[in-house]
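Protein chains in written order, with my numbering: chain A, 2 to 447; chain B, 2 to 447. Where is the CB? At the ideal position from N, CA and C, for every residue including glycine.
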């Protein structure tokens, strides 16, 4: 299968990173995007939705020389800051000293990547809409939305990097033996903002991902370089306590007074933003295969997950680095690259989808739970004493390149071991003094 | 919500039955079908895919006065005839004496229903293709394929009865909170034919659904009124023993000689048909909700299942009879009818999907298993002695109108009880003489 021209659908983070890797391998790459040029758009600037870049993400960026530039607009978050209802704080490190996930604005990162890709010779065309796409062939009917002109696209390969609602993927739905599921969560989300303090100061601790866990729902906040925090409330869409149930300003005040009294005064536009901002939906997408004829899926288009492990972009970037290796390995033979790519990635994207679901329960419910905190303390201690023999699951996911599927197996193994250890006699008093060697032996990664 | 004109997409069995129910309630009903008029098509005649009509199907037909007419083209099958590799036969009744499922040709039934619907005042338009459909509104862009003319359809309600690959459903995919899954089975199927004997005689027993269970695959045969049998081979698509692995006439002969020696001589066109007939795929579709704005799904479009309980059409017909009742109950207010319909039907279509999967294992694997047969014998005996207190699951599904979801719960309850009973001391010798009252007590439906 001879490939020279590649069309990427979608100028988002994964589409843009992919375009640079493909360019590096000598392909002619054009990126088609339905939306107007982000760089001219107003509401895609310094704030809006935040991302947490971790190890896999950095590797993706480093491979095209972008790591350092992005580090400059990212804020390291070495741990979670838990806020209870009384306003008490509890800081839980994510990993070892020096390890952190990194808050960065989606808009800022995207603009930086598009600029870099164009510089590298990738062509970007905005306001180009897919009208119809033939999943088995090389053909797409497109519309230039700025002029209304229709045209046919016939590249050697079409890659759908067009996100959770991928039109490329929807076209593949009707092909033989295409397994597919999309499932919405009962929780939705709403963005709110804690503005910067005087002179761009941070009104809460800058160096953390803040969480207000409240069992059935939670609020989180990530720092921005301008001193503000992007907050997200994850909350049931329907039911007694839900977005639907908050109908008036009085309902809203009562809700925040009860559950988030310490944060209410930090969000001056709460009344306006809560009712003016849209309620976002969370959808999990799984499908297989990810390729058909001359068409392939990547990133959220192939495997949209929920955001609770902060791995959506990181996983999509890892798709790119794996593909990068396979292009080399199979010497540009896409008839071998694509099946190898989907076979390698599918078990891992399924695993991170599961881990993200588990982490949602952990974040909103368990971070404030005594048993959970005790387990984390034990795991952290063993990890500190034996960094070469024990890696906690969060570290495997966020600070290593180990396959997600191995992290998921480890999650289940470690959790079973820790649960058993919790039942040992007088564990709370004796774990550090008496049991530590035994505990460590049980926890060591195989 | 005022509804006068209803467009049904799909002139298949469910679309046609629905059209008659809606007509009965006074609506103006037009049925749009992509294919040419079945009545003029050649290969949709007396043979091709067969169906097994059971109780729910008869109720659907009776409600529009079609039961008697269909009985005349149906062949009752009171039980399964199991063929082992040695050619031994074992007949297992499906229910009580007088109870049977009924073999009927899909083509013949469909033609009969279209004729009846047209007579009742329903308009049928063939070769009409959906180009684009607005799932929230009342609008569909259509193409008359016989002339190439495009036109816009704006009925008060669009009902997708367009089968497992429903275009109406695919349009709903992009609406908020639409949960969806389509999953292909590892098994596919191939149709083969046992022709009639001299003077339209039946070469094997007419009064049974024939099964050649072979663990990982199976062959079945249903009688046709012309003396022939429609056979279907259900077989893995890929692997050591699979459709893919049978590449030559010699492979095919060896396969039939090994597993179906008694049936090989009955299929004179085996060599031709096996390689000329397409390999069918089996897909399970689940989605929710089934309605959006002025659009609704019914039958396979809402819940495609695999054919191993013979309930696909029966379940779709039950959709129609439930809808019939709700139109009455909510006095034609479709804003109430549609949510009630999908809430009532969804748990039942999920349950029959599960039961069909379980029945596939039963048919291909267990019908020849000693424990399974013993369980069936016990259940049959208790049912015969206490017909008013115990209904086996197969009878609940096929010979009653009890909700499928209750049948699924009963499946799990009865199977657990029967498995336990199998462990009683000397059960094989003593079950009829000593244990029967106890067994019955345990098995009685709650």
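Burial state of residue i, where buried means 16 or more other Cβ atoms lie within 10 Å
| i | result |
| --- | --- |
| residue 289/B | buried |
| residue 438/B | exposed |
| residue 56/A | buried |
| residue 332/B | exposed |
| residue 191/B | buried |
| residue 362/B | exposed |
| residue 372/A | exposed |
| residue 20/A | buried |
| residue 41/B | exposed |
| residue 276/B | exposed |
| residue 349/B | buried |
| residue 433/A | exposed |
| residue 129/A | buried |
Same chain, Cβ closer than 6 Å to residue i, five either side skipped, listed in chain order
| i | result |
| --- | --- |
| residue 167/B | 161, 302 |
| residue 132/A | 142, 144 |
| residue 272/B | 250 |
| residue 357/A | 306, 307, 309, 310 |
Sequence-distant residues of its chain with Cβ nearer than 7 Å to residue i (five each side left out)
| i | result |
| --- | --- |
| residue 13/A | 111, 162, 164 |
| residue 75/B | 54, 103, 104, 105 |
| residue 394/A | 408, 411, 412, 415 |
| residue 60/B | 322, 402 |
| residue 219/A | 212, 213, 235, 364, 365 |
| residue 45/B | For residue 45/B, the predicted structure reports a pLDDT of 48, less than 50, and the residue's modelled location is therefore unreliable. A value from the coordinates is still provided. Result list for residue 45/B: 39, 108, in chain order. |
| residue 169/B | 10, 134, 159, 161, 163, 296, 298, 302 |
| residue 360/B | 309, 310 |
| residue 48/A | Legend: pLDDT at residue 48/A = 40, less than 50; position of this residue unreliable, value from coordinates given subsequently. These residues qualify, in order along the chain: 106, 194, 225, 229, 231. |
First through last residue of the alpha helix (DSSP H) which encompasses residue i
| i | result |
| --- | --- |
| residue 353/B | 335–362 |
| residue 320/A | 313–330 |
| residue 399/B | 394–400 |
| residue 15/A | 14–25 |
| residue 274/A | 271–277 |
| residue 170/A | 168–173 |
| residue 91/B | Not the alpha helix (DSSP H): residue 91/B falls in the beta strand (DSSP E), residues 90–94. |
| residue 304/B | 301–304 |
| residue 481/A | Because chain A is modelled from 2 through 447, residue 481/A falls outside the range shown and cannot be assessed. |
| residue 490/B | For chain B, the structure presents residues 2 to 447; residue 490/B sits outside this window and is missing. |
Interface flag, residue i vs chain B, CB-CB below 8 Å
| i | result |
| --- | --- |
| residue 10/A | no |
| residue 13/A | no |
Cutoff 8 Å; reference residue i; Cβ partners in own chain excluding five residues on either side
| i | result |
| --- | --- |
| residue 153/A | 140, 141, 142, 143 |
Beta strand (DSSP E) segment containing residue i, residue limits
| i | result |
| --- | --- |
| residue 243/A | Where residue 243/A is concerned, there is no enclosing beta strand (DSSP E), given that its DSSP letter is neither H nor E. |
| residue 192/B | 180–195 |
| residue 413/A | First-last for residue 413/A: 405–422, but that is the alpha helix (DSSP H), not the beta strand (DSSP E). |
| residue 103/B | 102–106 |
| residue 8/B | 6–10 |
| residue 287/A | 281–289 |
| residue 152/B | 150–154 |
| residue 52/B | 51–54 |
| residue 134/A | 129–134 |
| residue 81/B | 80–84 |
Below-8 Å beta-carbon distance, residue i vs any chain A residue
| i | result |
| --- | --- |
| residue 46/B | Confidence in residue 46/B is poor, its pLDDT being 38 and thus under 50, which makes the residue's placement too unreliable to answer from. |
Q) Using a Cβ cut-off of 7 Å, which residues of the region 159–189 of chain B contact any Cβ in chain A, in chain order? A) 166, 171, 174, 175, 177, 178, 180, 181, 182, 183, 184, 185
Q: Check each residue of the region 275–300 of chain A: if its Cβ is closer than 7 Å to any Cβ of chain B, include it; give the result in chain order.
A: 282
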